[in-house]
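Chains A and B, in that order, give the protein sequences.
Just so we're aligned, residue -12 is where the first sequence starts under our numbering, counting upward by one.
Just so we're aligned, residue -12 is where the second sequence starts under our numbering, counting upward by one.
There are 2 protein chains.
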Amino acid sequence: MRRVPATFLSLISLDYRTKTPMYRQLYDWFRRAIIAGQMRPGQRVPSSRGLATELKISRIPVLNAYEQLLAEGYFETFVGAGTCVARSIPDDTLSPPTVKAGKGQHESAEKRGLRRLSRRGVALTDIPAQSWLDNLGAFRISLPALDQFPIGIWSKLVARHSRRPQRGIMAYGDAMGYMPFREAIAEYLGAARGVRCESSQIVVTTGSQQALQISAQVLLDPKDRVCMEEPGYPGARQAFMTVGAQLIPVRVDQEGMNVAEIIRRGNHARAVYITPSHQYPLGMAMSAARRMLLLNWAVRTGAWIIEDDYDSEYRFGSRPIASLQGLDTDGRVIYVGTFSKALFPALRLGYVVVPKDLVPAFSAARDAADVFSATLYQAVLTDFIREGHFARHIRRMRMLYMERRRSLVNAIQIQMGDTTEVIGVEAGIHLVALLPPGTDDVAVSKKAAQLGISAMPLSVCYLKPPARGGLILGYGGANAHQIHDGIGKLRMSLQAH
Amino acid sequence: MRRVPATFLSLISLDYRTKTPMYRQLYDWFRRAIIAGQMRPGQRVPSSRGLATELKISRIPVLNAYEQLLAEGYFETFVGAGTCVARSIPDDTLSPPTVKAGKGQHESAEKRGLRRLSRRGVALTDIPAQSWLDNLGAFRISLPALDQFPIGIWSKLVARHSRRPQRGIMAYGDAMGYMPFREAIAEYLGAARGVRCESSQIVVTTGSQQALQISAQVLLDPKDRVCMEEPGYPGARQAFMTVGAQLIPVRVDQEGMNVAEIIRRGNHARAVYITPSHQYPLGMAMSAARRMLLLNWAVRTGAWIIEDDYDSEYRFGSRPIASLQGLDTDGRVIYVGTFSKALFPALRLGYVVVPKDLVPAFSAARDAADVFSATLYQAVLTDFIREGHFARHIRRMRMLYMERRRSLVNAIQIQMGDTTEVIGVEAGIHLVALLPPGTDDVAVSKKAAQLGISAMPLSVCYLKPPARGGLILGYGGANAHQIHDGIGKLRMSLQAH
């Protein structure tokens, strides 16, 4: 670093070792001097020759810097009068800015109402930190067995589509998604989930969260009432919150969401969010009678049903339970699904199946949200489904998860059987271990997170304080050893508490 | 298809040729019969043996179907009394549903208020069809030269990360993005765009549209006023509309957005959306004086400035103009950018640089929107930048686009010089051809779309009716031949009109 005093300028610092070119350093210096008010509008700047001499550098970078400053309007020239700082630069410059960056300053600016976020922005920031989601250790919710994914087959398909990509793989795509992918999804959902739809009703999304967010945007106005399962899925709560909806908790029992309560209390509800095939997080399936009651009520009142169908491929005792959407004859069900858990989360591909008359609104909302989904993985997954790899993977994983579930249930019974009660083991890739009444499950989860274990507290799924806390334990991503070890650490966390 | 009359059932149709298994066909039939009210709660179902005999099929599929119907609660059994339709099924079933699916029916349901969308959902659907976006023909706005993309290098990097993926490439990622990618972006923006930020301030998004949508969610409440350039970017308008913001058009002249007008009218504006380096769609750069006036005003009033910096790498006459963000000393600028145009649109990667104290809100909003961005392309692009391919590609494309711009300007002058006036040629990958006053540019664009040409009408960028229509012509994705041919078709479209 060499400091060169210039006759009427303060010190220009040029750094000869950095990669930043000399002209750029000069440009930056002049710009900052103008912003800081060290150089005033109308003030003459030294001739390029004079400055080069003074700085002992070539004249070329000086000329380049001046040219750029002229082009951007910081300098202006007058015939015969040389170059000066543009007189159009406001005289009450930002020098020194009334408020400087820095945390302390921002706080005071906030007090003056100058750093105002939206109510939504404030509410989103108010959600407490969830340290159990900071690690990918044993029991991480929704994490599948990544090491069992057929990566060889997958990466061959990736190579197929990325080496000699069709124009469609690189150009702008349809907001609704890549057509062959939508066709494959429609076929799969019809066969495996009893969903009745055409490919034209499928909107590809970046996952179930975006599907929920878009559904909320299309269907709900601020203050609209949405019935939520209690306990229920926090991601859905977040999505409905961003549109300012009012959340109505509805109790869940052995048959799922208490539909009678919806009917009694929810006459003005605009929508119901529900996980009928595998209640999140408790795991029960909704009975046929309640499904029909719910649909009936929706038809009568004009409410929408948002069905979040997740993990339904993994049902251990019986065959997968068909979707609620398949029972709907009035186009009231919006059906949400994802490939994140069946394949891998970083894939970011999900979908929402919408009634035909809602297609234009959902398509426009998807366009406004983020235009369309990256095409490569859509094309790869299409082939993965069409060539039978998807069905094969699901079958393999069903066996594996059954095994892991058994390991987990055993480990809990042996190591924590005296203090916990296990529920929700019929399906999916997580179960719930209820803790002794009065236990602060958030504290236990935080303690476990310090030991590298990701155990989600049950209470975060409640809108109102729950009668009993618990831990939601994912077993998709943990092998027998990790399960055994993890339960040991959980027991320690519980005892420490 | 074989129809088998059952003694007390209506006709059960079994299809022996389909892939749908027999048990599933029986299950579907019973479920539908119950929903349709053909079978009533409490009604006895035939014994499995009896039904199998009657249908002349094995008893196993019948048993499987019954088991599933029992598991899901459609059937129930009583010791000694056999199996019947569950008495808990509501008696006022959906038989026939009060409203049947079908367009006509939905319309009447809508009249009864039963198919009510949100105000936002209705507004989104009201946007007229944009047939010029249905094709990828010559002049498609924002489309880069896909055939010039170094796909060999890119696909090698894709293979590197997909063949033996690290766990992080497949598991849940950070809502803010993949850290090495954020570091590469921060470095690039500092060097190439004069953005002053740390990697902790970068939120990776699925493109600039999501960046705008999230910014709107964090910063704006319904009815909040947002100053928009007139004409301006329709995608931004869409994003602000989805949060119910009120859009204030502010005129654009040779120095960019008229800041004096903002100061005069916009005292209550919460935010300004602006494209200072390359005004969308007219192409001018904002002068230094106006930049400072705008920042000054924002500091005084507490308004946010959303800077959308696009195509800025491609400036032909001078060096790229540094960002407005780099002048901001008060953390008032939210800086939005994308890789879609520099690389390829289906990549779906962009970013937003946010003031440090806004990071938690933006991170939470990104999480609520769609959790995080697919990791593969983030890792691939990180390497692409780090290994110098990105800078090399930009340099090559700058030369190519200069060439294409020249072809386009020449073609317009030769073939349409008498009717059009070209503006906005200093930067980017599009220009504007102003049409004779009174021309309906939407009609011309629609006509051109029928000929396979994608020319966006200038008027769709205005909130108020424009004084003069025009066509926004992208030249990134069209070679000299396509440009020549395309202008011929445009001339025909204009004459036809």
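Heads up, the beta-carbon is just placed ideally off N, CA and C, and yes, glycines get one too.
All values derive from a computational prediction rather than experimental measurement.
Item: The beta strand (DSSP E) enclosing D238 (chain B), as first and last residue numbers; Value: The sequence given here places Arg at residue 238 (chain B); Asp does not occur at that position. Start and end: Q233 to D240.
Item: Whole-angstrom distance between D134 (chain A) and I140 (chain B), CA atom to CA atom; Value: 27 Å
Item: Cβ-based burial, A116 (chain B) [other Cβ within 10 Å; buried from 16]; Value: exposed
Item: N- and C-terminal bounds of the alpha helix (DSSP H) containing Y61 (chain B); Value: Run containing Y61 (chain B): none; DSSP gives neither H nor E here.
Item: Under 8 Å from the C-beta of S149 (chain A): neighbouring residues of chain B; Value: I138, W141, S142, V145 and A146
Item: Cα-Cα separation, V182 (chain B) to K433 (chain A); Value: 38 Å
Item: Chain A contact for A355 (chain B) (CB, 8 Å cutoff); Value: yes
Item: Residues near T407 (chain A) in its chain [Cβ-Cβ closer than 7 Å; skip 5 each side]; Value: I399, A420, L421 and L422
Item: Alpha helix (DSSP H) runs contained entirely in the segment 22 to 56 of chain B, provided each spans 4 or more residues; Value: 35 to 42
Item: Residue burial classification, E300 (chain A) (beta-carbon count within 10 angstroms, cutoff 16); Value: buried
Item: Three-way DSSP call (helix, strand, coil) for A(-7) (chain B) in this model; Value: For A(-7) (chain B), the predicted model reports a pLDDT of 47, less than 50, meaning its position is unreliable and no value from the coordinates is stated.
Item: Short-range partners of chain A found in the segment 435 to 454 of chain B, where Cβ spacing is below 7 Å; Value: none
Item: Identity of the residue in A:A171, A:K210 and A:I47 nearest S105 (chain B) by Cα; Value: A:K210
Item: Cβ-based neighbour list, S82 (chain A), same chain, cut-off 7 Å, excluding 5 preceding and 5 following; Value: Its pLDDT being 45, under 50, S82 (chain A) is placed unreliably by the model, and the measurement read from it follows with that caveat. Within the same chain, S82 (chain A) has close Cβ partners I22, A23 and G24.
Item: Span of the beta strand (DSSP E) around Y364 (chain A); Value: Taken as a continuous stretch (DSSP letters only), Y364 (chain A) belongs to no beta strand (DSSP E), being part of the alpha helix (DSSP H) at T362 to R373.
Item: Buried versus exposed call for E294 (chain B) [16 or more other C-beta atoms within 10 Å across all chains shown]; Value: buried
Item: Nearest residue (CA-CA) to R103 (chain A), options B:V412, B:M26 and B:A290; Value: B:A290
Item: Span of the alpha helix (DSSP H) around I250 (chain B); Value: V246 to R252
Item: Delimiting residues of the beta strand (DSSP E) encompassing D295 (chain A); Value: W291 to D295
Item: Which of helix, strand or coil DSSP assigns to E216 (chain B); Value: strand
Item: Element boundaries [alpha helix (DSSP H), containing Y388 (chain B)]; Value: H376 to M403
Item: Alpha-carbon to alpha-carbon, R19 (chain A) and K87 (chain A); Value: Low confidence applies here, because K87 (chain A) scores a pLDDT of 43, under 50, leaving its location unreliable; read the following figure in that light. Distance between the alpha carbons of K87 (chain A) and R19 (chain A): 15 Å.
Item: Burial state of T40 (chain A), where buried means 16 or more other Cβ atoms lie within 10 Å; Value: exposed
Item: Beta-carbon neighbours of T369 (chain A), restricted to chain E and to distances below 7 Å; Value: Looking for chain E here will not work: the only protein chains present are A and B.
Item: Buried versus exposed call for V109 (chain B) [16 or more other C-beta atoms within 10 Å across all chains shown]; Value: exposed
Item: CB of L111 (chain B) within 8 Å of CB of A355 (chain A), strictly; Value: yes
Item: Rounded separation between D370 (chain A) and G67 (chain B) - CA only; Value: 51 Å
Item: Cα-Cα separation between E94 (chain B) and A352 (chain A), rounded to whole angstroms; Value: Model confidence at E94 (chain B) stands at a pLDDT of 49, short of 50, so the residue's coordinates are unreliable and nothing is read from them.
Item: Proximity test, Cβ basis, 8 Å: R382 (chain A) and chain B; Value: no
Item: Where the beta strand (DSSP E) containing S257 (chain A) begins and where it ends; Value: Reading the sequence as shown, one finds Arg at residue 257 (chain A) and not Ser. Per DSSP, R257 (chain A) belongs to the beta strand (DSSP E) from A256 to I261.
Item: Per-residue burial, K492 (chain A) [other beta carbons within 10 Å of its own, 16 or more giving buried]; Value: Absent from the model: residue 492 (chain A). The displayed extent of chain A is -12 to 484, so no value can be given.
Item: Euclidean distance between Cα positions of V340 (chain B) and E170 (chain B); Value: 12 Å
Item: Alpha-carbon to alpha-carbon, I172 (chain A) and Y297 (chain A); Value: 14 Å
Item: Three-state secondary structure assigned by DSSP to P84 (chain B); Value: Note that P84 (chain B) has pLDDT 44, beneath the 50 cutoff, so the model's placement of it is unreliable and the number below is only indicative. Reduced to three states, the DSSP call for P84 (chain B) is coil.
Item: Per-residue DSSP class, three states only, for V320 (chain A); Value: strand
Item: The segment 276 to 288 of chain A touching the segment 388 to 399 of chain A, judged by at least three CB pairs closer than 8 Å; Value: no
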